[in-house]
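Trainee: Position 129 of the sequence shown, counted from 1, bears residue number 128 in numbering that gives the first Met the number 0, the numbering being contiguous throughout.
All residues carry an ideal CB built from backbone N, CA and C; glycine is no exception.
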Amino acid sequence: MTEPIPQQTSRAQLQPGEVLCDYCTGRCCRYFALPIDAPTEQADFEYIRWYLLHDRATVFTEDGQWYLLVHTTCKHLQPDNRCGIYATRPQICREYSTDACEYDDDFTYERYFETPEQISEYAEAVLQKPGQEVRSPRPALLPVLN
0 MTEPIPQQTS RAQLQPGEVL CDYCTGRCCR YFALPIDAPT EQADFEYIRW
50 YLLHDRATVF TEDGQWYLLV HTTCKHLQPD NRCGIYATRP QICREYSTDA
100 CEYDDDFTYE RYFETPEQIS EYAEAVLQKP GQEVRSPRPA LLPVLN
């Protein structure tokens, strides 16, 4: 018999005295994202392609800003998804609060690149010269069979 998958408790379902961290999976402790310059020429896209050749790296855009996203877990994330150095955690962690955390976010990125091929294809499309075909021309239609 298969166990049902437990539903995530929403913020609105928390009872007085309950703490959101008791239900958290530590999503924010499983990656870091660094802003990067928006690519404007082929050389910029080549740097991004290089990033994407590395394991656990992706690139995304949010509100027009480009980011390098590295999927890696903080060394101090404990098995219960709590911080092992809470009292001495970095300032960026201290400024991060559960009021605006991504605990129950269900958003998607404007653009999300996981492979070097995706960024190359995107670069080809946005850097094309006027009148230039993107990729191969449209194939001829197949004949209609009676």
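Using 10 angstroms around the beta-carbon of residue 68, count the other beta-carbons present and answer buried if the total reaches 16, otherwise exposed.
Mentor: By the neighbour-count rule (16 or more Cβ atoms within 10 Å), residue 68 is buried.
Trainee: Do the CB positions of residue 122 and residue 59 come within less than 7 Å of each other?
Mentor: Not a contact, by the Cβ cut-off of 7 Å.
Trainee: What does the alpha-carbon distance come out to for the pair residue 42 and residue 49?
Mentor: Approximately 11 Å between the Cα atoms of the pair.
Trainee: Would you kindly work out how many angstroms separate the C-alpha atoms of residue 107 and residue 73, rounded to a whole number?
Mentor: So the alpha carbons of these two residues sit roughly 23 Å apart.
Trainee: Could you tell me whether any Cβ in chain D is nearer than 7 Å to the Cβ of residue 27?
Mentor: Among the protein chains of the structure shown there is no chain D, as only one such chain exists.
Trainee: Would you check if the distance between the CB atom of residue 97 and the CB atom of residue 19 is smaller than 7 Å?
Mentor: In contact: residue 97 and residue 19 (Cβ atoms closer than 7 Å).
Trainee: What's the gap between the Cα of residue 28 and the Cα of residue 128?
Mentor: Spanning the two alpha carbons is a distance of roughly 42 Å.
Trainee: Please state if the CB of residue 76 and the CB of residue 16 are separated by a distance shorter than 7 Å.
Mentor: Cβ distance not < 7 Å, so residue 16 and residue 76 don't count as in contact.
Trainee: Taking the alpha-carbon positions, what's the residue 8 to residue 21 distance?
Mentor: Cα-Cα distance, rounded: 10 Å.
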